[in-house]
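Numbering (my numbering), first residue to last: 7 to 327.
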């Protein structure tokens, strides 16, 4: 059975899969990234994991994978196949595509940015399915974004397209590690809400999920913290939709797990701010933590279609998970 290898590399864990042509997850596996062992060990761990998946494909399906896709965090040069920089993994200028291709016997390898890859999956297979233009915004430790246009995700001229978390929404506000002040992710990420609620509640162990629960129970302190985050997020989103005019905005990550505790006030906050702009559908992501693997699989299949004429061109709208 024809299949591809998909790898989603995170700061603490790696998720992997063998993905069939119809998007079916034929095999799934997980293991720690092992960043405490250093960047060289992380790279070797990725290569070894991929090789194990290749061997499993041969045993289970009678042939090796036809291609591989890998999603990594940080700054990614997708055209050159280089993982340029990732602070949480400690690497710089790792030629990951070439290393993987060599370990996997020369098969085509696609390298992608983790958020853009997850956005690709949400756009084709998840909450953005059928939308010609979408914006995917996961709210986690930080905030990033993926700009989807006609079934593909835009990387930009230098690989920075979609970095909505570094739109300045509160000029002169909290300093951001990027060097600016008042960036969106300093006010509306899950980690920002956790910090604000821990301070407001006096509980150093409190986090964003605790804040959402307190909001649902009517705690006025929590409501204030939550609304400040929602207002900042709405300011950032309206700037993005003014520039990009997406048909659908997909919100994922930890904060999205709060459900309507987030989406009801957020939709209203965005509605109040728009003037001439067309309101997009604002919806929760649906693929959860499988999005990165599914997106890496899509990257591999897309690459294979350009290198192997025998591979059909499956319509993304017909792919099922």
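Idealized CB from N, CA, C, for every residue including glycine.
Since this is a predicted model, take the numbers as computed values, not measurements.
Exercise. Output the residue ranges of the beta strand (DSSP E) runs that lie fully inside the stretch 80-152 and measure 3 residues or longer, sorted by chain position.
Key: Within the stretch 80-152, the beta strand (DSSP E) runs of at least 3 residues that lie entirely inside it are, in chain order, 81-83, 88-92, 97-100, 115-119 and 139-144.
Quiz item: Taking 7 Å as the line, does the beta carbon of residue 53 fall inside it for any heavy atom of the ligand NAP?
Solution: Questions concerning the ligand NAP fall outside what the structure shown contains, since it holds no ligand whatsoever.
Quiz item: Where do the ends of the beta strand (DSSP E) carrying residue 336 lie?
Solution: The question about residue 336 has no answer here: the residues shown for the chain are numbered 7 through 327.
Quiz item: Nearest-angstrom Cα distance between residue 177 and residue 190?
Solution: 10 Å
Quiz item: Exposed or buried, what is residue 251 when buried is set at 16 or more other beta-carbons lying within 10 Å of its beta-carbon?
Solution: exposed
Quiz item: Could you give the residue range of the beta strand (DSSP E) that holds residue 62?
Solution: Element bounds for residue 62: not the beta strand (DSSP E) but the alpha helix (DSSP H), 45-67.
Quiz item: If you compare alpha carbons, which of 138, 120 and 203 is closest to residue 259?
Solution: 120
Quiz item: residue 148 and residue 125: beta carbons closer than 8 Å?
Solution: The answer is no: Cβ separation not under 8 Å.
Practice problem: Would you kindly check if the distance between the Cβ of residue 55 and the Cβ of residue 43 is under 8 Å? | Solution: For the 8 Å CB-CB criterion, residue 43 and residue 55 do not form a contact.
Quiz prompt | Rounded distance between the beta-carbons of residue 128 and residue 338, thought under 8 Å | solution = No statement about residue 338 is possible, as the shown extent of the chain runs from 7 to 327 and does not include it.
Self-check item: Contact between the stretch 298-314 and the stretch 66-76 (3+ Cβ pairs under 8 Å)
Solution: yes
Exercise. Give me the Cα-Cα distance between residue 203 and residue 270, rounded to the nearest whole angstrom.
Key: 20 Å
Practice problem: Determine which residues share a DSSP beta bridge with residue 9 and list them. | Solution: 26
Quiz item: Three-state secondary structure (DSSP) at residue 284?
Solution: coil
Practice problem: Would you tell me roughly how many angstroms separate the C-alpha atoms of residue 9 and residue 168, rounded to the nearest one? | Solution: Going from the Cα of residue 9 to the Cα of residue 168 covers about 30 Å.
Quiz item: Using a Cβ-Cβ cut-off of 8 Å (strictly less than) and excluding sequence neighbours within five positions of residue 49, which residues of its own chain qualify?
Solution: 97, 100, 102 and 105
Quiz item: For residue 46, does the count of other Cβ atoms within 10 angstroms reach 16, so buried, or fall short, so exposed?
Solution: exposed
Quiz item: If you drop the 5 nearest sequence neighbours on each side, which residues of the same chain put their C-beta closer than 7 Å to that of residue 235?
Solution: 193, 194, 198 and 199
Quiz item: Which value, in whole angstroms, describes the spacing of the CA atoms of residue 323 and residue 138?
Solution: Residue placement at residue 323 is flagged as unreliable, the pLDDT there being 41, under the threshold of 50; a coordinate-derived value is accordingly withheld.
Practice problem: Look up residue 175 in the DSSP assignment and say whether it is helix, strand or coil. | Solution: Three-state result, residue 175: coil.
Quiz item: Taking the Cβ atom as the reference point for each residue, do residue 187 and residue 240 lie within a distance shorter than 8 Å?
Solution: no
Practice problem: Could you check which residue in 275, 290, 243 and 282 has the C-alpha nearest to that of residue 264? | Solution: 290
Exercise. Report back the beta-carbon spacing between residue 131 and residue 32 to the nearest angstrom; my notes put them in contact at under 8 Å.
Key: About 16 Å separates the two Cβ atoms, so there is no contact after all.
Quiz item: For residue 87, which option in 26, 118, 79 and 283 has the closest C-alpha, if you only look at C-alpha atoms?
Solution: 118
Exercise. Apply the 10 Å Cβ neighbour rule to residue 123 and answer buried if 16 or more other Cβ atoms are within range, or exposed otherwise.
Key: buried
Practice problem: Please list, in chain order, all residues of the same chain as residue 255 whose beta carbon is under 6 Å from its beta carbon, the five residues on each side excluded. | Solution: Within the same chain, 141, 286 and 288 come within 6 Å of residue 255 by CB-CB distance, once the 5 residues on both sides are set aside.
Self-check item: Contact set for residue 52: own chain, Cβ-Cβ below 8 Å, skip 5 residues either direction
Solution: Within its own chain, the residues whose Cβ lies closer than 8 Å to the Cβ of residue 52, once the five positions on either side in sequence are excluded, are 13, 15, 20, 76, 102 and 106, listed in chain order.
Quiz item: Which one or two residues does DSSP pair with residue 74 in a beta bridge?
Solution: BP columns for residue 74 point to 11 and 115.
Quiz item: Using DSSP with H/G/I as helix, E/B as strand and the rest coil, what is residue 339?
Solution: Since the first residue of the chain shown is 7 and the last is 327, residue 339 is not available in this structure.
Practice problem: For chain C, find out if any of its Cβ atoms is closer than 8 Å to the Cβ of residue 164; answer yes or no. | Solution: The displayed structure is made up of one protein chain only, and chain C is not part of it.
Quiz prompt | residue 115 classed as buried or exposed, judged by whether at least 16 other C-beta atoms fall within 10 angstroms | solution = With 16 or more Cβ atoms within 10 Å of its Cβ, residue 115 is classed as buried.
Quiz item: Which word fits residue 217, buried or exposed, when buried means at least 16 other C-beta atoms lie within 10 angstroms of its C-beta?
Solution: The residue in question, residue 217, is buried, as its Cβ has 16 or more Cβ neighbours within 10 Å.
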